[in-house]
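The structure under discussion appears below in the form of structure tokens.
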Amino acid sequence: MSELLVRTLSGLIMVMLALIAALQGGYVFALLVAAAATLMFFEWTRMVRGWGLGWRVGGFVYALLPALALLWIRERDLHGFMLLVWVFIVTWSTDIGAYFAGRSFGKRKLAPTISPNKTVEGLLGGIAAAALFGGAWAMFTGLGQSLLALAPLYAIAAQMGDLFESGMKRRAGIKDSGTWLPGHGGALDRLDGLVPVAMLTAAAQMAGLT
Numbered sequence: 000m001s002e003l004l005v006r007t008l009s010g011l012i013m014v015m016l017a018l019i020a021a022l023q024g025g026y027v028f029a030l031l032v033a034a035a036a037t038l039m040f041f042e043w044t045r046m047v048r049g050w051g052l053g054w055r056v057g058g059f060v061y062a063l064l065p066a067l068a069l070l071w072i073r074e075r076d077l078h079g080f081m082l083l084v085w086v087f088i089v090t091w092s093t094d095i096g097a098y099f100a101g102r103s104f105g106k107r108k109l110a111p112t113i114s115p116n117k118t119v120e121g122l123l124g125g126i127a128a129a130a131l132f133g134g135a136w137a138m139f140t141g142l143g144q145s146l147l148a149l150a151p152l153y154a155i156a157a158q159m160g161d162l163f164e165s166g167m168k169r170r171a172g173i174k175d176s177g178t179w180l181p182g183h184g185g186a187l188d189r190l191d192g193l194v195p196v197a198m199l200t201a202a203a204q205m206a207g208l209t
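If you want it as structure tokens, here you go:
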């Protein structure tokens, strides 16, 4: 089975689980979020072993804040589920758009010392995909025009989150943060882009922008 097929199938399973749990909300979604945050923190502590206490504390905050943000978004009001799906769409479309644009058109390296495979063309593809699909969902559900502007900005944040984790892995001398997810690596590998998008969306919601 090809790497792309494995990545696609496992990705679809994760998408379905996330959407089903998000639709259920309550304890079901809270348990999924708690499990993901626990895996993230576990992988983080293995990665930063020997780096000092500050890095361990930072990992706890890194796992906790997006978890709280996701729960806040989902349960804040009647539009919580639709906004949560928007968060997922922006994050997923950024990742998918960057992957395929980078493979198809990538020439200029984005950050070669951190992640040699990432390209400027991939970044632009991720931004375009997030703007298109995130914007379409926002318009379809009536979430508000502010999300049309936030989608491409959050796509940049998602890719910066990806680069941050790539930098940590490079320092730790590892390829993936874990092996839990076939074709994707570990929880940190899969959720690094969701971390900033979730927190920024919760912040925008608190500020009355969504």
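Numbering (numbering that gives the first Met the number 0), first residue to last: 0 to 209. From the three backbone atoms N, C-alpha and C, an ideal C-beta is built for every residue, glycine too.
Residue i and residue j closer than 9 angstroms at C-beta
| i | j | result |
| --- | --- | --- |
| R169 | M13 | no |
| G105 | V86 | no |
| M167 | V84 | no |
| L147 | M138 | yes |
| F80 | G24 | yes |
| G125 | A97 | yes |
| L149 | L193 | no |
| L122 | I173 | no |
| W136 | I95 | no |
| L38 | S92 | no |
| L69 | V32 | yes |
| T203 | A35 | It is worth fixing the name first, because residue 203 is Ala in this sequence and not Thr. No, Cβ-Cβ distance for A203 and A35 is not below 9 angstroms. |
| A62 | W50 | no |
| A157 | I72 | no |
| K117 | D175 | no |
Unbroken alpha helix (DSSP H) run spanning residue i, endpoints
| i | result |
| --- | --- |
| K108 | Per DSSP, K108 belongs to no alpha helix (DSSP H); it is in the beta strand (DSSP E), K108 to A110. |
| R75 | R75 -> no alpha helix (DSSP H), and no H or E assigned at all. |
| V194 | L193 to M205 |
| S176 | It is not in any alpha helix (DSSP H) - S176 carries neither H nor E in the DSSP assignment. |
Residue i classed as buried or exposed, judged by whether at least 16 other C-beta atoms fall within 10 angstroms
| i | result |
| --- | --- |
| R107 | exposed |
| P65 | buried |
| V60 | exposed |
| V56 | exposed |
| S103 | exposed |
| L16 | exposed |
| P115 | exposed |
Residue i (DSSP reduced to helix, strand or coil)
| i | result |
| --- | --- |
| K117 | strand |
| G101 | helix |
| G143 | coil |
| G166 | helix |
| G133 | helix |
| G184 | strand |
| G172 | coil |
| T93 | helix |
| T7 | helix |
| L208 | coil |
Within-9 angstroms CB hit, residue i to chain C
| i | result |
| --- | --- |
| F28 | Absent from the structure is chain C; it holds one protein chain and no more. |
For this session: For the stretch 25-73, list the alpha helix (DSSP H) runs that are entirely contained and at least 4 residues long, ordered along the chain.
Result: For the stretch 25-73, whole alpha helix (DSSP H) runs of length 4 or above, ordered along the chain, are 25-46.
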